[in-house]
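Q: Taken in order, these protein sequences are the chains called D and X. Going letter by letter, the first sequence gives residues 500 to 690 in my numbering. Going letter by letter, the second sequence gives residues 500 to 690 in my numbering. From the three backbone atoms N, C-alpha and C, an ideal C-beta is built for every residue, glycine too. All of these numbers come straight from a predicted model, not from anything done at the bench.
Protein chains: 2
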Amino acid sequence: MDIKLYHHIKRFVDIDTKEYEQIIGYFDPVTLAKKDTLIYGGEKCDKIYFVLEGCLHAYFIDNNGAEKTIQFAIKDWWITDFLAYHHRSKTDFFIQAVEVSEVLCISYAQQQKLLSCHPVMDSYFRQVYEIGYGAAIKRLQYIFTYSKEEIFYRFRDEFPEFVNRIPQYLVATYLGLTPEYLSKLRSKKVS
Amino acid sequence: MDIKLYHHIKRFVDIDTKEYEQIIGYFDPVTLAKKDTLIYGGEKCDKIYFVLEGCLHAYFIDNNGAEKTIQFAIKDWWITDFLAYHHRSKTDFFIQAVEVSEVLCISYAQQQKLLSCHPVMDSYFRQVYEIGYGAAIKRLQYIFTYSKEEIFYRFRDEFPEFVNRIPQYLVATYLGLTPEYLSKLRSKKVS
Numbered sequence: 500m501d502i503k504l505y506h507h508i509k510r511f512v513d514i515d516t517k518e519y520e521q522i523i524g525y526f527d528p529v530t531l532a533k534k535d536t537l538i539y540g541g542e543k544c545d546k547i548y549f550v551l552e553g554c555l556h557a558y559f560i561d562n563n564g565a566e567k568t569i570q571f572a573i574k575d576w577w578i579t580d581f582l583a584y585h586h587r588s589k590t591d592f593f594i595q596a597v598e599v600s601e602v603l604c605i606s607y608a609q610q611q612k613l614l615s616c617h618p619v620m621d622s623y624f625r626q627v628y629e630i631g632y633g634a635a636i637k638r639l640q641y642i643f644t645y646s647k648e649e650i651f652y653r654f655r656d657e658f659p660e661f662v663n664r665i666p667q668y669l670v671a672t673y674l675g676l677t678p679e680y681l682s683k684l685r686s687k688k689v690s
Numbered sequence: 500m501d502i503k504l505y506h507h508i509k510r511f512v513d514i515d516t517k518e519y520e521q522i523i524g525y526f527d528p529v530t531l532a533k534k535d536t537l538i539y540g541g542e543k544c545d546k547i548y549f550v551l552e553g554c555l556h557a558y559f560i561d562n563n564g565a566e567k568t569i570q571f572a573i574k575d576w577w578i579t580d581f582l583a584y585h586h587r588s589k590t591d592f593f594i595q596a597v598e599v600s601e602v603l604c605i606s607y608a609q610q611q612k613l614l615s616c617h618p619v620m621d622s623y624f625r626q627v628y629e630i631g632y633g634a635a636i637k638r639l640q641y642i643f644t645y646s647k648e649e650i651f652y653r654f655r656d657e658f659p660e661f662v663n664r665i666p667q668y669l670v671a672t673y674l675g676l677t678p679e680y681l682s683k684l685r686s687k688k689v690s
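Now the structure itself:
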């Protein structure tokens with residue numbers, strides 16, 4: 500039994516290992532090779548994913564056919580198209596492993612059963628979403644406030660390991676930069 | 500007793516009017532004149548607001564001293580700096596009435612008591628945040644995908660009443676445009 504989700508839940512609500520044994524039964528563990536895809540754009544989105552190890556990203560294809568990363572999820576983050584998930588509607592997003600990853604997956608139907616049997620999980624997800632929602636608005640504030648160059652430097656200072664671990668072209672699209680421009684910024688750092 | 504929040508809660512969870520009478524007791528009604536401010540940047544953020552009537556916006560002051568609207572909230576929307584609220588930390592945001600407004604306000608301490616006595620509200624807020632979080636990521640996708648001109652036209656087509664009701668300079672900062680550029684776009688529509 501994986502206890503990583505247990506530790507994450509315990510940050511927000513009070514459960515014991517006995518209740519966790521029941522809770523974990525609603526999740527499916529999934530092992531992903533690099534570039535394995537969990538959801539394809541155009542499909543119905545009815546699952547959410549918790550990253551145990553590795554890194555996932557959600558991307559969409561823009562009007563020019565380019566892949567643009569809209570979200571990353573590393574250890575202890577939830578990822579999906581939350582709006583499509585809420586409505587069980589089609590998503591524009593592809594959710595893919597950036598590197599070898601271990602995730603826990605839960606379907607909408609299973610989550611409803613989980614919440615009904617373990618209402619404490621409503622409190623857990625409320626708090627997880629509160630942080631995610633707040634962070635998404637903060638990200639908008641950064642985009643409105645800082646130049647692309649400043650955003651890269653702030654991102655690198657806040658998440659140095661991340662910038663080194665993730666392929667450069669993904670970091671570039673996440674920050675709204677071209678890979679060429681990001682390459683210039685990184686070489687500035689070295690010089 | 501205001502029943503607008505009752506109808507909103509009923510969209511997501513099952514409560515009766517008797518339980519609602521207890522729930523509404525945790526909220527304070529606030530009447531705002533145009534430009535009245537609920538939270539100032541630099542203050543601790545420990546309240547969330549539900550708009551019954553009118554319109555609020557959250558803005559921050561950018562490096563050039565300009566006010567930039569990061570969120571709007573009209574009828575049936577919740578607004579605050581959710582990340583600061585989660586941590587009861589200082590916010591950069593000012594939350595202000597755009598027009599005469601009626602809101603319900605709840606403090607973090609009161610919300611904790613509400614959730615403890617009425618756990619069904621954990622499910623309500625989980626779902627409200629799920630939609631808000633999903634919508635914030637969709638907004639990022641729009642910013643990454645469309646030109647500023649396209650974003651304005653899409654926004655106008657989706658929320659025509661909104662664009663006519665809200666002062667033009669607020670719509671402009673929300674969309675990341677200058678008021679002058681927005682003015683040009685609007686005049687194109689007329690010609």
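Which residues in chain X have a C-beta closer than 7 Å to the C-beta of residue 567(D)? List them in chain order.
A: Within chain X, the residues near residue 567(D) are 643.
Q: Using a Cβ-Cβ distance under 8 Å, would residue 663(D) count as near chain X?
A: For residue 663(D), the answer is no, since every Cβ of chain X falls outside 8 Å of its Cβ.
Q: Suppose the cutoff is 7 Å on Cβ atoms and the five residues either side in sequence are ignored; what does the same chain contact list for residue 649(X) look like?
A: Answer for residue 649(X): no residue qualifies.
Q: Taking 8 Å as the cut-off, does the stretch 539 to 555 of chain D touch the stretch 592 to 604 of chain D (at least 3 CB pairs, one atom from each stretch)?
A: As far as the Cβ criterion goes, the stretch 592 to 604 of chain D touches the stretch 539 to 555 of chain D, which means the pair count is three or higher.
Q: What residue from 529(D), 528(D) and 551(D) has the CA that sits closest to residue 507(D)'s CA?
A: Considering only alpha carbons, the answer is 551(D).
Q: Do the CB positions of residue 613(D) and residue 522(D) come within less than 8 Å of each other?
A: Closer than 8 Å, so yes.
Q: Give me whichever residues DSSP pairs with residue 604(X) in a beta bridge.
A: Note: residue 604(X) sits in a beta bridge opposite 527(X) and 548(X).
Q: Of the residues 533(X), 538(X), 660(X) and 584(X), which one's Cα is nearest the Cα of residue 610(X)?
A: Cα-wise, what sits closest to residue 610(X) is 584(X).
Q: Whose CA, out of 677(D), 558(D), 654(D) and 632(D), lies closest to the CA of residue 569(X)?
A: Measuring from the Cα of residue 569(X), the nearest candidate turns out to be 632(D).
Q: Starting from residue 676(X), follow the beta strand (DSSP E) in both directions and report where the run begins and ends.
A: Residue 676(X) -> no beta strand (DSSP E), and no H or E assigned at all.
Q: For residue 510(X), would you say it is in contact with chain D, using Cβ-to-Cβ distances shorter than 8 Å as the test?
A: So, not an interface residue.
Q: Whose Cβ in chain X lies nearer than 7 Å to the Cβ of residue 630(D)?
A: Chain X residues near residue 630(D): 582 and 585.
Q: Can you tell me where the alpha helix (DSSP H) with residue 649(X) in it begins and where it stops?
A: Per DSSP, residue 649(X) belongs to the alpha helix (DSSP H) from 647 to 657.
Q: Grab the span of the beta strand (DSSP E) containing residue 594(X) for me, first residue to last.
A: Residues 593 to 596.
Q: Just grab the DSSP bridge partners of residue 542(D) for me.
A: In the DSSP output, where bridge partners are listed per residue, residue 542(D) has none listed.
Q: Going by beta carbon distance, what residues of the same chain come within less than 8 Å of residue 664(D), once the five residues before and after it are set aside?
A: Once the five neighbours on either side are set aside, the close Cβ partners of residue 664(D) are 554 and 598.
Q: For residue 568(D), which residues does DSSP report across the bridge?
A: Answer is 558(D), bridged to residue 568(D).
Q: Do residue 511(D) and residue 573(D) count as a contact pair if the criterion is CB distance below 8 Å?
A: No, Cβ-Cβ distance for residue 573(D) and residue 511(D) is not below 8 Å.
Q: Under 8 Å, with one C-beta from each stretch per pair, do the stretch 533 to 543 of chain X and the stretch 624 to 643 of chain X reach the 3-pair mark?
A: These segments do not touch.
Q: Note down, in chain order, each residue of its chain lying with its Cβ closer than 6 Å to the Cβ of residue 529(D), except the 5 sequence neighbours on either side.
A: Excluding positions up to five away in sequence, the list reads 602 and 604.
Q: Tell me whether the beta-carbon of residue 674(D) lies closer than 8 Å to the beta-carbon of residue 647(D).
A: Yes, the pair counts as a contact, with Cβ atoms nearer than the cut-off.
Q: Bridge partners of residue 536(D), per DSSP?
A: 595(D), per the DSSP bridge assignment.
Q: Could you give the distance in angstroms between the alpha-carbon of residue 625(X) and the alpha-carbon of residue 541(X)?
A: Taking the straight line joining both Cα atoms gives about 27 Å.
Q: Please report the residue range of the alpha helix (DSSP H) in which residue 581(X) lies.
A: Per DSSP, residue 581(X) belongs to the alpha helix (DSSP H) from 581 to 586.
Q: Quick one: which chain D residues come within Cβ less than 8 Å of residue 650(X)?
A: Here the premise fails: no neighbours, minimum Cβ distance about 13 Å.
Q: Under 8 Å Cβ to Cβ from residue 667(X), same chain only, skipping five residues before and after it: list those, please.
A: Contacts found: 678, 681, 682 and 685.
Q: Can you tell me where the alpha helix (DSSP H) holding residue 644(X) begins and where it ends?
A: Element bounds for residue 644(X): 619 to 644.
Q: Applying the criterion that 16 or more other CB atoms from any shown protein chain within 10 Å of the CB defines a buried residue, is residue 567(D) buried or exposed?
A: Buried: at least 16 other Cβ atoms inside 10 Å.
Q: Below 7 Å on C-beta distance, what does residue 501(D) contact in chain X?
A: What residue 501(D) touches in chain X: nothing, since even the nearest Cβ is about 23 Å away.
Q: Could you check what DSSP says for residue 689(X) in three-state terms: helix, strand or coil?
A: In this prediction, residue 689(X) scores a pLDDT of 42, lower than 50, which makes its location untrustworthy; the coordinate-derived value is nonetheless stated afterwards. Of the three classes helix, strand and coil, the one that applies to residue 689(X) here is helix, per DSSP.
Q: Taking a Cβ distance cut-off of 8 Å, strictly less, list which residues of the stretch 610 to 621 of chain X are near chain D, in chain order.
A: Those residues of the stretch 610 to 621 of chain X that come within reach of chain D (Cβ to Cβ, closer than 8 Å) are 614, 618 and 621.
Q: For residue 550(X), is the beta carbon positioned less than 7 Å from some heavy atom of the ligand NAP?
A: This structure simply doesn't include the ligand NAP, nor any ligand for that matter.
Q: Excluding the five sequence neighbours on either side, which residues of its own chain have a C-beta within less than 6 Å of the C-beta of residue 751(D), listed in chain order?
A: Nothing in the structure corresponds to residue 751(D), since chain D is present only between 500 and 690.
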